[in-house]
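Student: I'd like to ask some things about the structure below.
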Amino acid sequence: MKLWGGRFEKDTDALVEDFHSSVSFDRRLYEQDIAGSIAHAAMLGRAGIITRAEAEQIIAGLETVRADIESGRAELAKSAEDIHMNVEKLLTERIGPVGKKLHTGRSRNDQVALDLRLFLRAETDKTMDLLAALTRTLLTLAEEHAETWAPGYTHLQKAQPITLGHHFMAYAAMFLRDLSRLSDARRRLNYSPLGSGALAGTTFPLRREETARDLGFAGLTLNSLDGVSDRDFALEFLSAAALVMMHLSRLAEEIILWASGEFDFISLDDAYATGSSIMPQKKNPDVAELVRGKTGRVYGDLFALLTVMKGLPLAYNKDLQEDKECVFDAVDTVQKCLLVTAPLLKTMTVRKDRLAAEAKKGFMNATDLADYLAKKQIPFREAHAIVGRLVLLCGQRGCALEDLPLTELQAAAAGIEADVYDAISVETCVRARRVPGGPAPEAVREAIRAARAELETMNKREDA
Ligand code: ARG
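So this is what it looks like as structure tokens:
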């Protein structure tokens, strides 16, 4: 008979049993479920709602159930619906009728809300660790390439020269924001819903603060209806994960472009690239492509859960069972992508010669020539037009601005002197951009220091 079978006269239809059972996927919550049950049972004992001896028996029983699930000895039954009722059933099979007292003053509704919070708190921490590791990889690369001249783009057209270190630091900045989003979401997640009951709390004198403290929560949820039906905390994780994926996907896209013969800025390590079954010459950036592709799944997880939530009346509705697969899929996907991206970057070879050669092409020093003229008191708009005409001339000749002889430059603008060649060299163009947040080596090094300091403070978790 079902744990809830008292008022039923017929068995559940086999189709329904299969349709509503969630243990095939929510078994993943067994550790959290048992940890929550142990805290609940201990509190019931302390509060005198059950005897201390009963509480001890229940806790010992839960520990054996945990060991049996861990080792694969315990069989989880589809007919027992979900992980919560499976654990209770296994407990009662092991310790007898006293196991039936565990669920006093509790509902699966506050139980599952608790389990998912505990699960996501731990997974948020793991995700943050992986993000921090990837960020550190980027900082190391930025340091290594603080003086690697590289082309900077707008509209995927050459724009102004930068350093490759500066380019890497752009991604470090994105991932630092992602870290701060996750740590912010974690703070709001860390409240215990246990004691909300099915929807209306309970008449038993539960000591909510004690179970919250035992489980490492910062406090209690404020309202029992909200406590059982809120999934904002999961949506916050999913939206932070979606942003992480979007950032990873942009980085992956650049890796793919840079590894192409057309760009040829990097070459991927053999261990992080794949071949073709027909074209013998191929070395493909599949890893980066998969990261880009998997981004869609995580966006889907976010939208699936947002859509599940949008029309739900208070309080619990079975629709909420649909939260778990979205969360599990997003957790697995974002963590795997973070895990693989760090070594992908670490092992690739950067072709500095190619980057430096491309940094000299495409008139990327045109702005600097205009700035040079503006510093000689030619109004910038006029300087812009003069340099535009010079670019046109160079285009016709197939040469660069710095290839024009001084006399020709002077004919275009009287104030030009021999120092112009130095003023428009790639090195000067980049080194002079030392405004904070800029691409000059010293500005990049300063940004790396600031990023390291931020990583340090972010690593200190409030309950760690
Ligand atoms: N398996 C359910 C879920 O994941 C647990 C809560 C079920 N509560 C209920 N009243 N049916 O949401």
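Going by my numbering, the sequence shown runs without a break in its numbering and finishes at 469.
The beta-carbon is built from N, C-alpha and C at its ideal position, and this holds for glycine as well.
For clarity, every value in this text was computed on a predicted model and none was experimentally measured.
Do the CB positions of A44 and T216 come within less than 7 Å of each other?
Tutor: As a first step, residue 44 is located in the sequence shown; it is residue number 39 there, counting from the start. As a first step, residue 216 is located in the sequence shown; it is residue number 211 there, counting from the start. Their beta carbons are under 7 Å apart, which means A44 touches T216 by this criterion.
Student: Would a check of beta-carbon distances place G101 closer than 7 Å to chain C?
Tutor: Here there is only one protein chain, and chain C is not present.
Student: Got a sec: does the ligand ARG put a non-hydrogen atom nearer than 6 Å to the Cβ of Q326?
Tutor: On the sequence shown, position 321 is the one that residue 326 refers to. Indeed, a heavy atom of the ligand ARG lies less than 6 Å from the Cβ.
Student: Taking Cβ positions, are Q37 and D115 nearer each other than 7 Å?
Tutor: Stepping through the sequence shown from its first residue, residue 37 is reached at position 32. Stepping through the sequence shown from its first residue, residue 115 is reached at position 110. No, the Cβ-Cβ distance between Q37 and D115 is not below 7 Å.
Student: Kindly list the residues whose CB is nearer than 7 Å to the CB of I391, restricted to its own chain and excluding five residues on each side of it in sequence; keep chain order.
Tutor: By one-based count along the sequence shown, residue 391 stands at place 386. Contacts found: L378, A417 and A418.
Student: Tell me whether the segment 364–379 and the segment 275–291 touch, counting them as touching only if at least three CB pairs, one residue from each stretch, are closer than 8 Å.
Tutor: no
Student: Please find out if some non-hydrogen atom of the ligand ARG comes closer than 6 Å to the beta-carbon of D87.
Tutor: For the purposes of this step, residue 87 is taken as residue 82 along the sequence shown, with counting starting at 1. Checking every heavy atom of the ligand ARG against the Cβ of D87, one is found closer than 6 Å.
Student: Could you name each continuous alpha helix (DSSP H) segment of 4 residues or more that falls completely within the segment 336–395, going from the start of the chain to the end?
Tutor: 357–364 and 371–380
Student: What's the C-alpha gap between E128 and L81?
Tutor: Here residue 128 is taken as the residue at index 123 of the sequence shown, counted from 1. Here residue 81 is taken as the residue at index 76 of the sequence shown, counted from 1. Distance between the alpha carbons of E128 and L81: 24 Å.
Student: Under the three-state reduction of DSSP, which class applies to L227: helix, strand or coil?
Tutor: For the purposes of this step, residue 227 is taken as residue 222 along the sequence shown, with counting starting at 1. In the three-state scheme derived from DSSP, where H, G and I count as helix and E and B as strand, L227 is classed as coil.
Student: Rounded to a whole number of angstroms, what is the C-alpha to C-alpha distance between L295 and Q326?
Tutor: Indexing the sequence shown from 1 puts residue 295 at position 290. Indexing the sequence shown from 1 puts residue 326 at position 321. In a straight line, the C-alpha of L295 is about 29 Å away from that of Q326.
Student: Whose C-beta lies closer than 7 Å to the C-beta of L4 among residues of the same chain, with five residues either side of it excluded?
Tutor: Nothing about residue 4 can be reported from this structure: the residues present for the chain run from 6 to 469 only.
Student: Under a three-way DSSP split, which group does P102 fall into?
Tutor: Translated into the one-based positions of the sequence shown, residue 102 becomes position 97. Helix.
Student: From the DSSP output, read off the bridge partner residues of A205.
Tutor: As a first step, residue 205 must be located in the sequence shown, where it is residue number 200. In the DSSP output, where bridge partners are listed per residue, A205 has none listed.
Student: Could you tell me the distance, in whole angstroms, from the CA atom of L181 to the CA atom of L307?
Tutor: Indexing the sequence shown from 1 puts residue 181 at position 176. Indexing the sequence shown from 1 puts residue 307 at position 302. Straight-line Cα distance between these residues: approximately 21 Å.
Student: Residues in the same chain with beta-carbon distance under 6 Å from G170, minus the five sequence neighbours each way, listed in chain order, please.
Tutor: Residue 170 sits at position 165 when you count from the first residue of the sequence shown. Within the same chain, G170 has close Cβ partners A147, H150, A151 and V449.
Student: Compute the beta-carbon to beta-carbon distance between L409 and L395, rounded to the nearest angstrom, for a pair I have assumed lies under 8 Å.
Tutor: Start at 1 with the first residue of the sequence shown, and residue 409 comes out as number 404. Start at 1 with the first residue of the sequence shown, and residue 395 comes out as number 390. So it is a contact: roughly 7 Å between Cβ atoms.
Student: Consult DSSP for Q286 and reduce its assignment to one of helix, strand or coil.
Tutor: Position 281 of the sequence shown holds residue 286. The answer is coil: DSSP assigns Q286 none of H, G, I, E or B.
Student: Would you report the Cα separation of L208 and A19, rounded to the nearest angstrom?
Tutor: In the sequence shown, residue 208 corresponds to position 203, counting from 1. In the sequence shown, residue 19 corresponds to position 14, counting from 1. Note that residue 208 is Thr in the sequence shown here, rather than Leu. So the two alpha carbons sit approximately 36 Å from each other.
Student: Buried or exposed: where does R113 fall if 16 or more other Cβ atoms within 10 Å of its Cβ makes it buried?
Tutor: Numbered from 1 along the sequence shown, position 108 holds the residue referred to as residue 113. Looking at its Cβ environment, which holds 16 or more other Cβ atoms inside 10 Å, R113 is buried.
Student: Jot down the residue ranges of each uninterrupted alpha helix (DSSP H) in the segment 162–203, minimum 4 residues, whole runs only, in chain order.
Tutor: 169–194, all fully within the segment 162–203.
Student: Please identify the residue among E413, A79, R51 and G157 whose C-alpha is closest to the C-alpha of R438.
Tutor: Looking up residue 438 in the sequence shown gives position 433. With distances taken between Cα atoms, R438 lies closest to G157.
Student: Does the distance from the CB of L8 to the CB of S42 come in under 7 Å?
Tutor: Translated into positions along the sequence shown, residue 8 becomes position 3. Translated into positions along the sequence shown, residue 42 becomes position 37. No. Outside cutoff.
Student: Could you spell out where the alpha helix (DSSP H) holding Y158 opens and where it closes?
Tutor: Counting from one through the sequence shown, the residue named residue 158 turns up at place 153. Premise fails: Y158 lies in the beta strand (DSSP E), W154 to T159, not in any alpha helix (DSSP H).
Student: Using CA coordinates, which residue listed in D16, V103, V431 and E14 is at the minimum distance from L49?
Tutor: Taking the first residue of the sequence shown as position 1, residue 49 is located at position 44. Checking every option, the nearest Cα to that of L49 belongs to V103.
Student: Taking buried to mean at least 16 other C-beta atoms within 10 Å of its own C-beta, is N464 buried or exposed?
Tutor: Locating residue 464 in the sequence shown gives position 459, where the first residue counts as 1. Answer is exposed; the Cβ neighbour count stays below 16.
Student: To the nearest whole angstrom, what separates the beta carbons of L184 and Q340, a pair I think is in contact under 8 Å?
Tutor: As a first step, residue 184 is located in the sequence shown; it is residue number 179 there, counting from the start. As a first step, residue 340 is located in the sequence shown; it is residue number 335 there, counting from the start. With 8 Å as the limit, L184 and Q340 do not qualify as a contact, their Cβ atoms being about 14 Å apart.
Student: Which residue or residues does DSSP assign as beta-bridge partners of I271?
Tutor: Residue mapping note: residue 271 aligns to position 266 of the sequence shown, counting from 1. Its beta-bridge partners are V355.
Student: Report buried or exposed for Q62, applying the criterion of at least 16 other Cβ atoms within 10 angstroms of its Cβ.
Tutor: Translated into positions along the sequence shown, residue 62 becomes position 57. It is buried - the Cβ of Q62 has at least 16 other Cβ atoms within 10 Å.
Student: Indicate the three-state DSSP secondary structure (helix, strand or coil) for F433 in the structure shown.
Tutor: To locate residue 433, count along the sequence shown from 1; it is residue 428. First, the amino acid is wrong: residue 433 is Thr here, not Phe. In the three-state reduction of the DSSP assignment, T433 falls in the helix class.
Student: Whole angstroms are fine: how far does the CA of Q286 sit from the CA of L256?
Tutor: Taking the sequence shown and counting its residues from 1, the one referred to as residue 256 is at position 251. Taking the sequence shown and counting its residues from 1, the one referred to as residue 286 is at position 281. Taking the straight line from one Cα to the other gives about 25 Å.
Student: Relative to the C-alpha of L161, which residue among E459, L262, A205 and A72 is closest?
Tutor: Here the question's residue 161 lines up with position 156 in the sequence shown. Ranking E459, L262, A205 and A72 by Cα distance to L161 puts L262 first.
Student: Within the same chain, show all residues whose beta-carbon is closer than 8 Å to that of G206, passing over the 5 residues directly before and after it, in chain order.
Tutor: The residue given as residue 206 occupies position 201 in the sequence shown. Correct list, in chain order: G200 and S229.
Student: Going along the chain, which residues of its own chain have a beta-carbon closer than 8 Å to the beta-carbon of V425, five neighbours each way excluded?
Tutor: One-based indexing of the sequence shown puts residue 425 at position 420. Cβ neighbours of V425 beyond the five flanking positions: L374, Y377, L411 and L414.
Student: Which partner residues of T279 appear in the DSSP bridge assignment?
Tutor: For the purposes of this step, residue 279 is identified with residue 274 of the sequence shown, where counting begins at 1. The partner list for T279 (beta bridge, DSSP) reads N289.
Student: Assign W263 to one of three DSSP states: helix, strand, or coil.
Tutor: Counting from one through the sequence shown, the residue named residue 263 turns up at place 258. The answer is helix: DSSP assigns W263 an H, G or I state.
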